[in-house]
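First the structure, in the form of structure tokens, and then the observations on it.
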Amino acid sequence: MLVRLKFKKEGPIRFVGHLDMMRTFQKMFSRAGIPIAYSEGFNPHQVFSFASALAVGVTSESEYMDVKLTKDVAMDILLEAINEKAPVGIVFLDGVEIMSKETSAMASVVAATYKIEVLNPIITVDMVAEMMSQDTLMIRKKNKKGKINDFDLRPGIINIVLKEGNLIMTIANGSHFNVKPEMVLEKLLALNDLSYERGDYRFHRVEIYHDHNGLRPLLEVKLGS
Amino acid sequence: MNKLFLEDKILLQVEKPARYIGNEVNAIYKNENEVAIRFALCFPDVYDIGMSHLGLSILYNLLNQRDDLWCERVFSPWVDLDRIMEEEKLPLFALESQEPIKTFDFIGITIQYEMCYTNILRVLDLAQIPLLSKDRTEDHPLVCAGGPCVYNPEPISDFIDFFYIGEGEVQLDALMDAYKFHKESGGTKKAFLEIAATFEGIYVPAFYEVSYNEDGTIESFLPNNPNARPQVKKVIMMDMTGSRYPMKPIVPYIQTVHDRVVLELFRGCARGCRFCQAGIIYRPVREKDLEALKEQAIEIVKNTGHDEISLISLSSSDYSHLNALASHLIEAPELAHVNLSLPSLRIDDFSIELMSKVQDVRKSSLTFAPEAGSQRMRDVINKNISEEDILKGAYEAFMGGWNRVKMYFMLGLPTETEEDVLAIAKLGQDIVNQWFTMPGDMRKQRLQVVLSTSFFIPKPFTPFQWMGQASSDAFLEKSKLINRNINKKNIKYNSHDADTSRIEGVLARGDRKLNEVILKVYQKGARYDAWSEHFDVALWNEAFADLGMDSAFYNERTRELEEILPWDFIDVGVNKSFLHDEFLLASKGETTVNCLEGCTNCGAMCFEGGICYARKA
């Protein structure tokens, strides 16, 4: 049985990075005693994967993961068993069974929405509008090999608004096209000759989407056939 | 539980912020208004190291079983956060409550190695507590310490209010009861220390007066308070099976040195290696029951979700029921996805067979610790293992599929000659030769032999406690000699830092006069001396020079038998005369039977239990 689970991450655990979250979840599943599948081979490991890595310091109300089980378990029982052993700040909210042919959560992610609390109010509605009126928003980005490339952010910004002191942006996410919220912020500030200070902002991920006739939250999968 | 002491902007600047946030699975939270005693349990090194220490976990569990006490953890902030906390004058805080520890009742420090002494001062300083015991007021916490280093507490006696010599399980509870009563009746710190001093195993340095001879040796060491005991005897748990073991140890978020369940099989060591302090101070051997260990393993795995169990003891293969335990841990259905790791095994047929059962596919490297290269030298240190055992063990390991062997040796052992040093290189080569006696089809992988040498440091309560330590120059000559004489094709050679070994040697057998040196070194900026990348020997040399003191007095000097040693007032059960007899046998290259083979009447029988009686029955 393959399931996709949705959970939130809040509080101090936001400072636990992606790799440590993998280890933490592996131990959590063991404690919960759920029938999680192990990979074959000399060094078997639990079969689960996160949809998208969440950066250190960022909270989220909608994280997703795919988990393979060796037998069927009712979703409410599964969620209850995991929640009982989850570390403080992690709460499993929902889940669906997915078909084995369903594209994995990780491979299907296309976009994510972030809410960025602006602690030092220097950003204005006009600044946002001005940025979005540009055709291209070039930034310099280091690739994995350390080479610096010019990179256009503009097509990766699907939507951005400033509302009640929060910047809410929906941006490209995933293996095909990935934009980090800091890149957008940094660019927005740079266009106004302001510099970016990480400590002035609090990042929160609101939703992660895949493309199912438009952007749909990852838990909305085709059921049945 | 959601409170964090450090602001996000600080946590986002430092490496591994999860070191500072608490909230791990099985961390203990209490209502601060409902507890009478706040206890900060400190391991004065970085979180990753401290959280791997079993003793800390045992004490955390033990203390928190009391409803009237909240024990929280404190570690040294890593250098990046250390800098920020100093600049911003942020007080050191406990991980659970995220509150400054300067208002706590106790700061209890576990001291596992001498090179953390400057880190202890750093912890106090960052906590905004005066470093010297005499400068602290009624408003400051009581600072206490335990662990192996406190078997010679003198070099840090100015900084610590009282030392606990022995195992916390015995009477930490009774001590806390006494404190609570004392606090409720509004007594002074000094009054409490006077009560504490009446407990066996408690040493209050302020209650003793030391005078010195002209040559710097101790003339007298006497109590100056009627409550202080002339001899402080260590306290140890005799019933290990019944002792309280942490069944729900904290599960760190980040990878620590030991990211696994640790099962303690026994305390003490039967072997009697003459260089080894742990082998004496933890006597006698006290085993835990097999059935209790089986249950604990399953219970702890269930409570933590760890996928590995490690057996921990000074010489695990001496556990009476090792085979039965290992089989159970490998076969129990509850432990289906749990691996077993076996550190500190001796090289013999049995261990090799057990190892192959455990690690049937992935062969990690095999570690041997012959400690000395020549048979003569091994006899001097009473490491009762023959060259034949070592070579046979290596051959069997190779036949069993291992191709990486690590070997540990010490340089600068008493009576060591050039021949003994060269024997280390030769033994390495003999191991390589064993490899090539195997049939060709067994040698498809490349052989890797790693020889590591550390420098011998004479420690208190060992038969070598009177011996001078070799100088740094002599150490370097010896390691160069090995380096010139190994075949680098199959053998890699590593050597410890001679300066670190020298300073460790000074601190290990130091007296009260070293408090001043440690304070000075700290003030010069020494931090994280246990980390080679942060250790700066120049600071230590300057401090000794500034104070007009000679470090060689402490490490290179050979003591007279009659000399009052700074740690003589501590009674570990093993008699000084036994240590001296062992020293004489060592000088003659004669070995002594270990506790499994026979009793040598070392004195540990005074604890009325453990192997001293079990083997006789």
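Quick mapping for you: the protein sequence lines, in order, are chains A and B.
Sequential numbering from 1 applies to the first sequence in my numbering.
Sequential numbering from 1001 applies to the second sequence in my numbering.
Just so you know, even glycine gets a beta-carbon here, dropped at the ideal spot from N, CA and C.
Just so you know, these numbers come straight off a predicted model, no measurement behind them.
Check                                                                                                                                                        : Outcome
Can you tell me whether M1001(B) is buried or exposed, with buried defined as 16 or more other CB within 10 angstroms of its CB?                             : exposed
Just the chain B side, please: which residues come within less than 8 angstroms of P121(A) by C-beta, in chain order?                                        : Result: empty, since nearest Cβ-Cβ is about 16 angstroms, beyond 8 angstroms.
Distance check for I1250(B) and M1085(B), CA to CA, integer angstroms please.                                                                                : 26 angstroms
Which of the residues in the stretch 63-96 of chain A, read from start to end, lie with their CB under 8 angstroms from any CB of chain B?                   : K85, P87, V88, G89
Provide the residue(s) that pair with C1071(B) in DSSP beta bridges, ordered along the chain.                                                                : F1039(B)
Going by DSSP in three states, G1468(B) sits in which element: helix, strand or coil?                                                                        : coil
Just how far apart, CA to CA, sit V110(A) and F25(A)?                                                                                                        : 24 angstroms
Which of the three DSSP states, helix, strand or coil, is assigned to T1103(B)?                                                                              : helix
Out of curiosity, what's the CA-to-CA distance linking G89(A) and L1012(B)?                                                                                  : 18 angstroms
Would DSSP call V1572(B) helix, strand or coil?                                                                                                              : coil
Output, in chain order, the set of chain A residues within a Cβ distance shorter than 9 angstroms of K1009(B).                                               : E197, R198, G199, D200
Who pairs with N1495(B) in a beta bridge, going by DSSP?                                                                                                     : At residue 1495(B) the sequence reads Ser, which differs from the Asn that was named. BP columns for S1495(B) point to T1453(B).
Scan the stretch 22-110 of chain A and note each continuous alpha helix (DSSP H) run of 4 residues or more that stays entirely inside, going in chain order. : 75-85, 105-108
Taking A1470(B) as the reference, give the member of M1410(B), P1460(B), V1123(B), K1444(B) with the closest Cα.                                             : M1410(B)
List in chain order: all unbroken alpha helix (DSSP H) runs of 4+ residues lying wholly within the stretch 1077-1138 of chain B.                             : 1079-1087, 1117-1126
Between P12(A) and chain B, is the shortest Cβ-Cβ distance under 7 angstroms, so that the two count as touching?                                             : yes
Cα-Cα, which of K1248(B), H1140(B), K1444(B) is closest to H1306(B)?                                                                                         : K1248(B)
Under 8 angstroms by Cβ, that's how I've got T1558(B) and G1468(B) pegged, so tell me the actual separation to the nearest angstrom.                         : 4 angstroms
Along the chain, where does the alpha helix (DSSP H) containing S1057(B) start, and where does it finish?                                                    : 1054-1064
Using a Cβ cut-off of 8 angstroms, pull out every chain B residue sitting near G57(A), in sequence order please.                                             : D1008, L1011, L1012, P1017
So, is the C-beta of F15(A) closer than 7 angstroms to a C-beta in chain B?                                                                                  : yes
Quick check on S1501(B): buried or exposed, where buried means 16 or more other Cβ atoms within 10 Å of its Cβ?                                              : buried
Straight-line CA distance for R1271(B) to N1033(B)?                                                                                                          : 49 angstroms
Distance, Cα to Cα, V1069(B) vs I1281(B)?                                                                                                                    : In the sequence on display, residue 1069(B) carries Leu and not Val. When rounded, the distance between both Cα atoms is 30 angstroms.
Counting only runs that start and end within the stretch 1385-1441 of chain B, where is the alpha helix (DSSP H) found for 4 or more residues in a row?      : 1387-1399, 1418-1436
Alpha carbon to alpha carbon, what distance is there between R1083(B) and N195(A)?                                                                           : Here residue 195(A) turns out to be Ser, not Asn, going by the sequence shown. Computed Cα separation, rounded: 24 angstroms.
Is the Cβ of Y1047(B) closer than 7 angstroms to any Cβ of chain A?                                                                                          : no
So V1123(B) and V1074(B) are in contact, right, with Cβ under 8 angstroms, and what is the actual spacing, rounded?                                          : 7 angstroms
Could you pull the start and end residues of the alpha helix (DSSP H) that F1192(B) belongs to?                                                              : 1189-1196
Taking only beta-carbon positions, decide if S30(A) is within less than 7 angstroms of chain B.                                                              : yes
Rounded to whole angstroms, how far is the Cβ of A1372(B) from the Cβ of L1413(B), which I believe are closer than 8 angstroms?                              : 6 angstroms
So, R1260(B) versus E1334(B), is the Cβ gap smaller than 7 angstroms?                                                                                        : no
So, under 8 angstroms CB-CB, A1425(B) and I1486(B) are touching, yes? Tell me the CB distance rounded to an integer number of Å.                             : 5 angstroms
Tell me the DSSP bridge mates of C1144(B)?                                                                                                                   : G1108(B), F1162(B)
Quick one: is Y1253(B) near chain A, going by C-beta distance under 7 angstroms?                                                                             : yes
According to DSSP, is E117(A) part of a helix, a strand, or is it coil?                                                                                      : strand
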